[in-house]
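**Q** Sharing a structure, written as structure tokens. Questions coming.
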Amino acid sequence: MNQKKLELETRVNDLSVEKGQLQGSFDALNQKKLELETRVTSWSEEPKKEKSKQGFLWGPDGLFMSSEPMSWSDSRHYCRDRGADLIIINTEEKQRHITSFIKERVWIGLSDNENEGIMKWVDDSPLKQGFWADGEPNNYNAAHEDCIELIPKKHTLNNWNDLRCSEKRKGICEK
């Protein structure tokens, strides 16, 4: 009987040691699982963070809009900080594309900041084809309207307006 009791106590001790080892392995695996879940959550949040850094992204064409209205210059800095610049619209096709989804007044990458009356794009190329609203550009009341906004209008391509650069608009950025 004592022999049987001794064997059982030894067996209980062995099982206790094994249980401790299994519990340690379980705890280590559980910790690893938590680390992996944190990583997966972080990775799934990454595109959302990137999107919020950029502003509203429209798609594979590399266009996005700033999230807040700001001056033309600040809009340009916003775009450049994100590896882009204010949009250059140099074809009717691109003008139609932009006009199709814009719902509010926005800055584009055109101005006559350097020389009044000589419009240049942000890449220093000259304006060849404009899509001006009736009577624009007009530098209204000699108000130094040196920056160009696009005003959404239905059924028209001609929706550019010159405006004071300090006015607040969202900017359309292009990579």
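Everything in the sequence shown is counted per my numbering, starting at 892 for the first residue and increasing by one.
All C-beta atoms, glycine included, are put in the ideal place defined by N, C-alpha and C.
When the Cα atoms are used, what is the spatial distance from R902 to Q914?
**A** As a position in the sequence shown, residue 902 is number 11, starting the count at 1. As a position in the sequence shown, residue 914 is number 23, starting the count at 1. Straight across, the Cα-Cα distance linking R902 with Q914 is about 18 Å.
**Q** Apart from the five residues on each side of it in sequence, which residues of its chain come closer than 6 Å, Cβ to Cβ, to N1052?
**A** Here residue 1052 is taken as the residue at index 161 of the sequence shown, counted from 1. Around N1052: A1024, E1027, E1040, I1042.
**Q** Write down the C-beta distance between S966 and S957 rounded to the nearest angstrom, noting that I regard them as a contact closer than 8 Å.
**A** Within the sequence shown, residue 966 is the residue found at index 75, counting from 1. Within the sequence shown, residue 957 is the residue found at index 66, counting from 1. S966 to S957, Cβ: 6 Å. Contact.
**Q** Can you tell me whether Q1108 is buried or exposed? The criterion is at least 16 other CB atoms within 10 Å of its CB, across all chains shown.
**A** The question about residue 1108 has no answer, for the chain in this structure spans 892 to 1066.
**Q** What residues match up with N1052 in a beta bridge as DSSP calls it?
**A** Within the sequence shown, numbered from 1, the residue matching residue 1052 stands at position 161. DSSP, once it has assigned bridges, lists E1040 as partnering N1052.
**Q** Considering only residues of the stretch 970-1053, which uninterrupted beta strand (DSSP E) runs meet the minimum length of 3 residues and lie entirely inside it, listed in chain order?
**A** 997-1002, 1038-1041
**Q** Count the other CB atoms within 10 Å of the CB of M892; is the residue buried (16 or more) or exposed (fewer)?
**A** Working through the sequence shown from its first residue, we reach residue 892 at position 1. By the neighbour-count rule (16 or more Cβ atoms within 10 Å), M892 is not buried but exposed.
**Q** May I have the straight-line CA-CA distance separating H1035 from E995, to the nearest angstrom?
**A** Position 144 of the sequence shown, counting from 1, holds the residue named residue 1035. Position 104 of the sequence shown, counting from 1, holds the residue named residue 995. Between H1035 and E995, the C-alpha separation is close to 22 Å.
**Q** For K896, which beta-bridge partners are listed by DSSP?
**A** In the sequence shown, residue 896 corresponds to position 5, counting from 1. Beta-bridge pairing links K896 to no other residue.
**Q** Excluding the 5 residues flanking I979 on each side, which residues of the same chain have their C-beta closer than 6 Å to its C-beta?
**A** Here the question's residue 979 lines up with position 88 in the sequence shown. For I979, where only same-chain residues beyond five positions count, the Cβ hits under 6 Å are G1000, W1012.
**Q** Does DSSP classify E1058 as helix, strand or coil?
**A** Translated into the one-based positions of the sequence shown, residue 1058 becomes position 167. DSSP places E1058 in coil when its eight states are reduced to three.
**Q** Can K1059 and S964 be called in contact, C-beta distance under 8 Å?
**A** As a first step, residue 1059 is located in the sequence shown; it is residue number 168 there, counting from the start. As a first step, residue 964 is located in the sequence shown; it is residue number 73 there, counting from the start. Against a cut-off of 8 Å, the Cβ pair of S964 and K1059 comes out as no contact.
**Q** Sort K1044, K924, E1007, E984 by Cα distance to Q1020 and report the nearest one.
**A** Indexing the sequence shown from 1 puts residue 1020 at position 129. Of the candidates K1044, K924, E1007, E984, the one whose C-alpha sits nearest the C-alpha of Q1020 is E984.
**Q** L1054 to I1009, Cα distance in whole Å?
**A** Against the sequence shown, residue 1054 aligns to sequence position 163. Against the sequence shown, residue 1009 aligns to sequence position 118. Those two C-alpha atoms are separated by around 15 Å.
**Q** Please state the DSSP three-state secondary structure of E1065.
**A** Here residue 1065 refers to the residue found at position 174 when the sequence shown is read from its first residue. Correct three-state label for E1065: strand.
**Q** How would you label A975, buried or exposed, when you count the other beta carbons within 10 angstroms and need 16 or more for buried?
**A** Taking the sequence shown and counting its residues from 1, one reaches residue 975 at position 84. A975 is buried by the Cβ-count criterion.
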